[in-house]
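Asker: Take any residue in the sequence shown, count from 1 to its spot, add 4: that is its number in our numbering. Note that CB positions come from ideal geometry on N, CA and C, so glycine has one too.
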Amino acid sequence: APRTVLISGCSSGIGLELAVQLAHDPRQRYQVVATMRDLGKKGTLEAAAGKALGQTLTVAQLDVCSDESVAQCLSCIQGGEVDVLVNNAGVGLVGPLEGLSLAAMQNVFDTNFFGAVRLVKAVLPGMKRRRQGHIVVVSSVMGLQGVVFNEVYAASKFAMEGFFESLAVQLLQFNIFISLVEPGPVVTEFEGKLLEQVSTAEFPGTDPDTLSYFRDLYLPASRELFHNVGQSPQDVAKVIVKVIGSARPPLRRQTNTRYTPLTALKAVDPSGSLLGRSPGGGHGNLLQ
Ligand code: NAD
């Protein structure tokens, strides 16, 4: 029987691509429940799904920040059984800390971290009963290494890494696997939305030196970086498809080999001096 795969955040980007690729699996191994917060945005996904729509792919409403929405979504799945959960929904936040509200920061944690925790709590009892399951988490290289002006986003991904690494240990007893997928920059709406917000944001209360560091050094470097080494959501989805299809899924999987040395910094340089050794401060070294 095909495995039921529930994916959060499928209206765009990596989630959409992953849903479509799994639904088109030549061996038809998957029944995909592609979820999104706002069903008004399902057009792009439905068009990309083509003939798979209503066959190997169904679209459902799911807001990872709402208990009710999660319960409602799971109650609509046949047998209520999720074999593979992909925690993909996420939001970014970038800018000088002084100019960001606590509410905006909390929203990042509510979505990225607690959103994933909420879904896991909902599917775990069933997976444990069946002694079978796979939980895939779309983390980030920023879940392994902090990046300047991304403090809160990186912290939310670090939180995911710590949570799922801890959970992985007990779940092995139940034949349930956890996989943290860690992309580098990916060219999706994610980055577009973020840079758009940032270019008009005022960041009240931020001193001019910090603002200039952010606007004149960080932002141009960041745009260049996405342009030069950014992956496509298709490429990232391909890696996730492999992870889902493997008999012994890995605990961690990076999607962009350029980032492998970077994420080893912590182990090889406890002094932290390698972090800031370039004109752009940490940014230069970290992201190039
Ligand atoms: P994206 O913005 O296209 O996709 C994120 C999706 O999450 C959107 O469809 C959005 O509507 C959805 N979402 C946000 N809040 C939600 C909520 N409360 N409930 C349900 N859905 C919600 O961007 P993407 O790049 O495809 O992001 C997917 C994941 O990849 C995120 O977790 C992101 O942190 C991670 N990631 C992205 C990059 C990158 O550079 N784009 C790099 C590493 C990791």
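Buried or exposed: which applies to S170, given that a residue is buried once 16 or more other Cβ atoms fall within 10 Å of its Cβ?
Answerer: exposed
Asker: Quick check: is any heavy atom of the ligand NAP less than 6 Å from the C-beta of R41?
Answerer: As far as ligands go, the structure on display features the ligand NAD and does not contain the ligand NAP.
Asker: Considering only C-alpha positions, which residue in the set G13, T62 and G19 is nearest to Q35?
Answerer: T62
Asker: Is it the case that the segment 226-246 contacts the segment 112-129, given that we only count it when at least three CB pairs across the two stretches are under 8 Å?
Answerer: no
Asker: Taking its Cβ as the centre, do 16 or more other Cβ atoms sit within 10 Å of K45, making it buried, or is it exposed?
Answerer: By the 16-neighbour rule on beta-carbons within 10 angstroms, K45 is exposed.
Asker: Near M146, which residues of its chain fall below 7 Å by C-beta distance, leaving aside the five closest residues on each side in sequence?
Answerer: N154, Y157, A158 and K161
Asker: Which runs of the beta strand (DSSP E), 3 residues or longer, sit entirely within the segment 95-130?
Answerer: none
Asker: Near R135, what residues of its chain come up, given a Cβ to Cβ distance below 6 Å and the 5 sequence neighbours on each side ignored?
Answerer: F178 and N179
Asker: Can you list, in chain order, the residues of its chain whose CB lies under 7 Å from that of H287, leaving out five sequence neighbours each side?
Answerer: Because H287 sits at a pLDDT of 45, beneath the cut-off of 50, its placement in the model cannot be relied upon, and the point is left open.
Asker: Please classify Q258: is it buried, with 16 or more other beta-carbons within 10 angstroms of its beta-carbon, or exposed?
Answerer: The residue in question, Q258, is buried, as its Cβ has 16 or more Cβ neighbours within 10 Å.
Asker: Apart from the five residues on each side of it in sequence, which residues of its chain come closer than 6 Å, Cβ to Cβ, to I244?
Answerer: L22 and V185
Asker: Note down the Cα distance separating N260 from P208, rounded to an integer number of angstroms.
Answerer: 35 Å
Asker: Could you have a look at I18 and say whether DSSP puts it in helix, strand or coil?
Answerer: helix
Asker: Which residues bound the beta strand (DSSP E) around L266?
Answerer: For L266, there is no enclosing beta strand (DSSP E), since its DSSP letter is neither H nor E.
Asker: Quick one: using the 10 Å Cβ neighbour count with 16 as the cut-off for buried, is Q149 buried or exposed?
Answerer: buried
Asker: Buried or exposed: V127, going by 16 or more other Cβ atoms within 10 Å of its Cβ?
Answerer: buried
Asker: Taking the beta strand (DSSP E) that S183 falls in, what are its first and last residues?
Answerer: I180 to E186
Asker: Could you pull the start and end residues of the alpha helix (DSSP H) that V86 belongs to?
Answerer: That residue, V86, is in no alpha helix (DSSP H); it is neither H nor E in DSSP.
Asker: Could you check if A241 is buried or exposed, using at least 16 other CB atoms within 10 Å of its CB as the buried criterion?
Answerer: buried
Asker: Can A38 and I11 be called in contact, C-beta distance under 7 Å?
Answerer: yes
Asker: Whose C-beta lies closer than 6 Å to the C-beta of G276 among residues of the same chain, with five residues either side of it excluded?
Answerer: none
Asker: Helix, strand or coil: how does DSSP classify V151 here?
Answerer: For V151, the three-state secondary structure derived from DSSP is coil.
Asker: Tell me the residue span of the alpha helix (DSSP H) that contains V140.
Answerer: Counting along the chain, V140 falls outside any alpha helix (DSSP H), though it belongs to the beta strand (DSSP E) covering G137 to V142.
Asker: Using only the heavy atoms of the ligand NAD, determine whether one of them is closer than 6 Å to the beta carbon of Q192.
Answerer: The sequence given here has Thr at residue 192, not Gln. It does: the Cβ of T192 is within 6 Å (strictly closer) of some heavy atom of the ligand NAD.
Asker: Can you list, in chain order, the residues of its chain whose CB lies under 6 Å from that of Q25, leaving out five sequence neighbours each side?
Answerer: A241 and V245
Asker: Measure the alpha-carbon distance for E50 versus A64 and round it to whole angstroms.
Answerer: Approximately 12 Å, taken between the alpha carbons.
Asker: Does DSSP put L198 in a helix, in a strand, or in coil?
Answerer: Looking at L198 - three-state DSSP - the assignment turns out to be helix.
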